[in-house]
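Q: What follows is a single structure, and I will ask about it in a moment.
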Amino acid sequence: MLYFRGCTAREKLNNIQSATEKLLKLADVDYHILDDEKCCGSVLLRTGFLKEAEDQIKKNTEILKGETIITSCAGCYKTLTEDYDGLDVIHISQLLDELIKEGKLKLSKIDLDVTYHDSCHLGRHCAVFEEPRDVITSVADIVEMKNIRENSLCCGAGGGVKSAYPEIADQMAKSRIEQAKETGCKTLVTSCPFCKLNLENGDLEVLDLTEFLVKYGGLNERQ
Numbered sequence: 469m470l471y472f473r474g475c476t477a478r479e480k481l482n483n484i485q486s487a488t489e490k491l492l493k494l495a496d497v498d499y500h501i502l503d504d505e506k507c508c509g510s511v512l513l514r515t516g517f518l519k520e521a522e523d524q525i526k527k528n529t530e531i532l533k534g535e536t537i538i539t540s541c542a543g544c545y546k547t548l549t550e551d552y553d554g555l556d557v558i559h560i561s562q563l564l565d566e567l568i569k570e571g572k573l574k575l576s577k578i579d580l581d582v583t584y585h586d587s588c589h590l591g592r593h594c595a596v597f598e599e600p601r602d603v604i605t606s607v608a609d610i611v612e613m614k615n616i617r618e619n620s621l622c623c624g625a626g627g628g629v630k631s632a633y634p635e636i637a638d639q640m641a642k643s644r645i646e647q648a649k650e651t652g653c654k655t656l657v658t659s660c661p662f663c664k665l666n667l668e669n670g671d672l673e674v675l676d677l678t679e680f681l682v683k684y685g686g687l688n689e690r691q
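In this note's numbering, the protein residues as written are 469 to 691.
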């Protein structure tokens, strides 16, 4: 399997890459990474640079074809699944769900309430709702926010909004954070690096799903 890290986890949130690789190694998943991994083209597509995105997709397809691809990023998952032809792609939340159910990744349940944020790309765009929740409930209990699944509020980071309209992105993040705080939980889990980046504000502990498992899952290096 090829672990496609994505720009955000690769360049800005390296702990997501570290947590993901730790989980893959603990579950004895045979994987490799690309030393010169390029952007999947998601940002180009969402901001209207279609010719540039097409060129990027063509170059990447030559490298990625024939691989089973694991993605950390919800945006990468949507793009590689829907905008490329013939790629075999799985989001890390889906793979972790499989590994846990197959007994290849052993976790411990603890007395902890957390809330979960459905990202736009993974949730309403690709209908991946159950797997991240199943992974979380193998460790903790979920207290849902007011808006979830198809009706989840956008964090404000995607579609170029964070770059072009940072004030709007911050307002959207604030609204989502308020919903998370209303649950009474101190930890917010998401399966999208973009969302994690935009929702982090100091009021809540915001963790990627992989970081959450590494911190709270009772993982044992000897398993």
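Note that the Cβ used here is the ideal one computed from N, Cα and C, for glycine as well. Only a predicted model underlies this, so the values are computations on that prediction, with no experimental measurement involved.
1) Alpha carbons only, please: which of 608, 572, 472 is nearest the one belonging to residue 501?
2) When you compare only the Cα positions, how much space is there between residue 609 and residue 653?
3) Give the secondary structure of residue 535 by DSSP, where H, G and I count as helix, E and B as strand, and everything else as coil.
4) Output yes or no for whether 9 Å exceeds the beta carbon distance between residue 589 and residue 660.
5) If you run the structure through DSSP and keep just helix, strand and coil, what is residue 558?
6) Excluding the 5 residues flanking residue 564 on each side, which residues of the same chain have their C-beta closer than 8 Å to its C-beta?
7) Straight-line CA distance for residue 577 to residue 494?
8) At which residue ranges does the segment 567 to 624 contain complete beta strand (DSSP E) runs of 3 or more residues, listed in the order of the chain?
9) Does the distance from the C-beta atom of residue 663 to that of residue 625 stay below 9 Å?
A: Checking against the coordinates, here is how it stands:
1) Checked all of 608, 572, 472; the closest Cα to residue 501 is 472.
2) Annotation: residue 609 to residue 653 spans about 10 Å, alpha carbon to alpha carbon.
3) In this structure, residue 535 counts as coil in the three-state DSSP scheme.
4) Against a cut-off of 9 Å, the Cβ pair of residue 660 and residue 589 comes out as a contact.
5) Strand, per DSSP.
6) Closer than 8 Å at Cβ, skipping near neighbours: 491, 573, 599, 603, 677, 678, 681.
7) Each residue's alpha carbon lies about 18 Å from the other.
8) Listed in chain order, the complete beta strand (DSSP E) runs (minimum 3 residues) inside the segment 567 to 624 are 581 to 585.
9) Yes, the pair counts as a contact, with Cβ atoms nearer than the cut-off.
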